[in-house]
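K.L.:
Sequential numbering from 179 applies to the sequence shown in my numbering.
First the structure, then my questions, so here it is.
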Amino acid sequence: MLKQSMLAELNTIQTYFNNSSECLTEHDSNFKPQQEMMTVAQHVQHAAETIHWFLNGAFSESFDFDFDNQNEKLSRVTSLQAARSSLIDAINRLRNEIETKSEEEWQVPIRDKHIMTGIPRFVIMSGISDHTAHHRGALTVYSRLLGKTPKMPY
179 MLKQSMLAEL NTIQTYFNNS SECLTEHDSN FKPQQEMMTV AQHVQHAAET IHWFLNGAFS
239 ESFDFDFDNQ NEKLSRVTSL QAARSSLIDA INRLRNEIET KSEEEWQVPI RDKHIMTGIP
299 RFVIMSGISD HTAHHRGALT VYSRLLGKTP KMPY
């Protein structure tokens, strides 16, 4: 039952993220409202990378807090199409992990000493859902600033 719930949540995450961003095109990849903000492509790539971040952290000794390195890599992202491929890959990896790991493995407490300490691994789904919601919200604002209308619901 746990894995079914996780897969249902993942499907919702993917549907809403796609709804929020499908009106954006490769031409919009490098749009950002202010210089210090992420571009369209960077928002999508960051959502993808964060799925990997949650998975890697939940199944290892700790989460990777080298945000400078992560931000440096993100600064080089310029293609929405490539970022969308990365997001699909991350979602597929998460789906595969959900399907292949046992419910018992998902209930093992997270070992990291900084965040999510001692809570079951499956709780990363809440973090992933919240994080992607934040970025799909930003993408809907970007879409509207570009004169586009995102598909509802998002």
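Yeah, the Cβ is synthetic: ideal placement off N, Cα and C, and Gly gets one too.
Remember, it's a predicted structure, so these values are computed and weren't measured experimentally.
Would you call the CB atoms of I302 and F232 closer than 8 angstroms?
P.N.:
Taking the first residue of the sequence shown as 1, we reach residue 302 at position 124. Taking the first residue of the sequence shown as 1, we reach residue 232 at position 54. Yes, the pair counts as a contact, with Cβ atoms nearer than the cut-off.
K.L.:
Say whether the region 275-284 touches the region 251-261, bearing in mind that this needs 3 or more beta-carbon pairs closer than 8 angstroms, one atom from each stretch.
P.N.:
no
K.L.:
Taking all protein chains shown into account, do 16 or more other C-beta atoms lie within 10 angstroms of the C-beta of P331, making it buried, or fewer, making it exposed?
P.N.:
By one-based count along the sequence shown, residue 331 stands at place 153. Exposed: under 16 other Cβ atoms inside 10 Å.
K.L.:
On a Cα-Cα basis, can you pick out the residue from S257, H205, I229 and S307 that is closest to T190?
P.N.:
Reading the sequence shown from its first residue, position 12 is the one you call residue 190. That would be S307, whose Cα lies nearest to the Cα of T190.
K.L.:
Residue range of the alpha helix (DSSP H) that F232 falls in?
P.N.:
For this step, residue 232 is matched to residue 54 along the sequence shown. Looking at the DSSP string, the run of the alpha helix (DSSP H) that includes F232 is V218 to A236.
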